[in-house]
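Everything on this sheet refers to the single structure shown next.
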Amino acid sequence: MNLNIIMRNFISIFIFLLLLSVQFIFAQSKEDQAAIIKSRRLASNAAIAKHDVDGIAKYWLPDFIQVRGNATWLVGKDTIISTWKELFKTNPEVSYIRNPTEIIVSTNDTLAWEKGKWIGIKSYSKGGNYSAMWRKINTEWKIQAEIFVSLY
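To get my numbering, take the position in the sequence shown, counting from 1, and add 1147.
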C-alpha cells in the first residue's frame, strides 16, 4: 500500500476521533443543562434578595420580555432594569422567589422551558405561577421571556 494513502487514512481517522472526543467532552445531558438553568434561576433569586439589579439582569437577553403578575408587560433589558431599580427604591422590603418545578430542554438543545411557582414578599401579590423561555446563545443559557401570573 502506498505510504501517502496510509497517511491520509490515518489523518482522516485521527481527525474523526478528535472531533468525536471533543463533541463528547462538550456534550451535556438534558439533565445537566436543566441543572445549569436551575442554578441561574437560584442565582437570580439571590440577586433579587440583595436588590442587585445587575445580578438579576445578568441572564436576560437584550430583547427580554417580562409579563408581570398584574398583567402588565415590559420589553427590553434596559427598560426592565430601570423598572427594577425604581421598584427597589420605592419598596426597599420587596423581594421575589421563583421556585422551578420543571425545566425541559428542547431536542436541539437551543431552547428550554421553565415553569414553577413564585412568591412575592412585601409585594402587590403573594405569588402564583410563572414560566420562562430560555435560549442558548454561544453556549450560554439566557432568558428570552418570562410570564408571571398572580394567583394569591
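Even for Gly, the Cβ is constructed at its ideal location relative to N, Cα and C. On a predicted model such as this, the values are computed, not experimentally measured, just so you know.
Exposed or buried, which one is residue i when buried takes at least 16 other CB atoms within 10 Å?
i: residue 1222; result: exposed
i: residue 1193; result: exposed
i: residue 1213; result: buried
i: residue 1279; result: buried
i: residue 1172; result: Per-residue confidence for residue 1172 stands at a pLDDT of 41, beneath the threshold of 50, marking its modelled position as unreliable; no derived number is given.
i: residue 1191; result: buried
i: residue 1251; result: exposed
Give me the Cα-Cα distance between residue i and residue j, rounded to the nearest whole angstrom.
i: residue 1229; j: residue 1158; result: 56 Å
i: residue 1248; j: residue 1162; result: 42 Å
i: residue 1168; j: residue 1180; result: Since pLDDT at residue 1168 reaches only 48, below the 50 mark, its modelled position is unreliable, and no value is offered.
i: residue 1177; j: residue 1233; result: 37 Å
i: residue 1205; j: residue 1224; result: 10 Å
i: residue 1274; j: residue 1219; result: 15 Å
i: residue 1276; j: residue 1253; result: 21 Å
i: residue 1207; j: residue 1199; result: 14 Å
Measure how close the beta-carbons of residue i and residue j come, nearest whole angstrom, since I'm counting them as under 8 Å.
i: residue 1259; j: residue 1184; result: 6 Å
i: residue 1188; j: residue 1261; result: 7 Å
i: residue 1312; j: residue 1291; result: Only positions 1148 to 1299 of the chain appear in this structure, which leaves residue 1312 out of reach.
i: residue 1269; j: residue 1242; result: 7 Å
Can you find a C-beta in chain D that's less than 8 Å from the C-beta of residue i?
i: residue 1276; result: Among the chains in the structure shown there is no chain D, since it carries only a single protein chain.
For a test of the three-state rule: what should DSSP assign to residue i, helix, strand or coil?
i: residue 1287; result: strand
i: residue 1298; result: coil
i: residue 1199; result: coil
i: residue 1272; result: coil
i: residue 1262; result: strand
i: residue 1281; result: strand
For the ligand NAP, any of its heavy atoms closer than 7 Å to the Cβ of residue i?
i: residue 1270; result: Within the structure as shown, the ligand NAP is missing, as the structure has no ligands at all.
Inset, instruction - Can you check the region 1215 to 1246 for any alpha helix (DSSP H) of at least 4 residues that lies completely inside it and give the ranges in chain order? - result: 1224 to 1237
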